[in-house]
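Asks: My questions will all concern the structure given below.
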Amino acid sequence: MAADELTPWLDRFLDHLRHERRLSPHTLEGYARDLNQASAWFAEQGLSHWSQLQPQQLRQYIARRHRQGLSPRSLQRELSSLRGLYRYLLREGVVQANPAQGVRAPKAGRRLPSTLDVDQVAQLLELPADSPLSIRDLAIMELFYSSGLRLAELIALDLGEVDTRDAMVEVTGKGNKRRRLPVGRRALQAIEQWLAVRNQLANLEEPALFVGVRGRRISRSTVQQRLRHWSIAQGAPRPVYPHLLRHSFASHLLESSGDLRAVQELLGHANISTTQIYTHLDFQHLAEVYDRAHPRAHKVGSKK
């Protein structure tokens, strides 16, 4: 069997992710990058078909990637991509076993997400909204912080998906799952101000809520660049990026409510263990909230 038998099945798997799983272009790029890297190495080892890969060979590949400087988190992602490919190949009857199933990457240390505190967010959002671009940027940042959106969710928003009357936004998250999220008063005000000037930038038939200077849907890089610009202009303690505002939203909401399940639903996490990382950010603050709020936390004879 020719060595290029690796490539056709890889292409079919990526088509499956694109058309059946409907994964985002950004996620697809990650799968393609990981799997092309692996298949190139497998071909170097003389493998001509995915069914020939053995777990020991895969462990050698992971060890090689680790020596090249890849972090445990990146290695876990590459293994996840390979497991997904082999699940597809098993379904199609191309292979009889998943060699990636028992292979593990080195454990990654638990990395806590960076956040801004409430005062730092307030300072960032006090930007001078005196032009269509700055009005747009304020609406973008307010919506990130108000509703905890991912970058891909925000740039995909169309006109009409923010319901200003009910103060809700409907977004399409990972796995093409739709969810409705509340929008805060400040964010609604900023969005309404943006809608009042949007026509000064947007092309006539453009459906996107947020547009760039060329009148088309705003790009990921433009949002990232504008947030970096405002983090410098507003004296933020660190460069601001979309996920930093999402992390800050989650942390502040959890500190105030202690409701992990609600925060999980708002963030669109499939697994609550992903959300639980925010509980480590300020445990002392959560303990203080518990002491003030829980009826069994008060000492005997104390007043509420």
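Under the working numbering, the first residue of the sequence shown is numbered 24, with each subsequent residue one higher.
Ideal Cβ placement from N, Cα and C applies to all residues, glycine included.
Since the structure is predicted, the reported quantities are computational estimates derived from the model, not experimental observations.
1. Alpha carbon to alpha carbon, what distance is there between S71 and R284?
2. Roughly how many angstroms separate the alpha carbons of I158 and Y264, rounded to a whole number?
3. What is the DSSP secondary structure of Y286, reduced to helix, strand or coil?
4. Between which two residues does the alpha helix (DSSP H) harbouring Q206 extend?
5. Looking at the strands, I want to know which residues DSSP matches up with R96.
6. Cβ atoms of I214 and L276: under 9 Å apart, would you say?
7. Taking the straight line between their C-alpha atoms, what separation do you get for P205 and L174?
8. For M191, write down the residues that DSSP places opposite it in a beta bridge.
9. So who's on the other strand from R240, going by DSSP bridges?
10. Does the beta-carbon of S6 have 16 or more other beta-carbons within 10 angstroms, so that it is buried, or is it exposed?
11. Per DSSP, D181 forms a beta bridge with which residues?
12. Determine the extent of the alpha helix (DSSP H) in which W32 is found, giving its start and end residues.
13. Please check the pair E28 and D57, which I expect to be a contact at CB under 8 Å, by giving their CB distance rounded to whole angstroms.
14. So the alpha helix (DSSP H) N121 belongs to, where does it begin and stop?
15. Given F14, which residues of its chain have a CB within under 6 Å of its CB, disregarding the five upstream and five downstream residues?
16. Which residue marks the beginning of the alpha helix (DSSP H) containing R64, and which one marks its end?
17. Does the count of Cβ pairs from the stretch 238-248 and the stretch 105-115 closer than 8 Å reach three?
18. Quick check on this structure: which residue in T195, G207, A66, E67 has the alpha carbon closest to the alpha carbon of L46?
19. Where do the ends of the alpha helix (DSSP H) carrying Y168 lie?
20. Cα separation between E229 and E184?
Replies: On the basis of the coordinates in this document:
1. 47 Å
2. 18 Å
3. First, the residue type needs correcting, since residue 286 is Val and not Tyr in the sequence shown. V286: helix per DSSP, three-state reduction.
4. Looking at the sequence provided, one finds Val at residue 206 rather than Gln. Segment: none, V206 is in no alpha helix (DSSP H) and carries neither H nor E.
5. According to DSSP, R96 bridges with nothing at all.
6. no
7. 17 Å
8. D186, P205
9. V234
10. This structure cannot speak to residue 6, because the chain is shown only from 24 to 327.
11. A231
12. 29-42
13. Going by Cβ atoms, the distance from E28 to D57 rounds to 19 Å, so no, they are not a contact pair.
14. Counting along the chain, N121 falls outside any alpha helix (DSSP H), and DSSP gives it neither H nor E.
15. Because residue 14 is not part of the residues shown, which for the chain are 24 to 327, the question remains open.
16. It should be pointed out that residue 64 corresponds to Trp in this sequence rather than to Arg. First-last of the alpha helix (DSSP H) with W64: 48-67.
17. no
18. T195
19. 155-170
20. 14 Å
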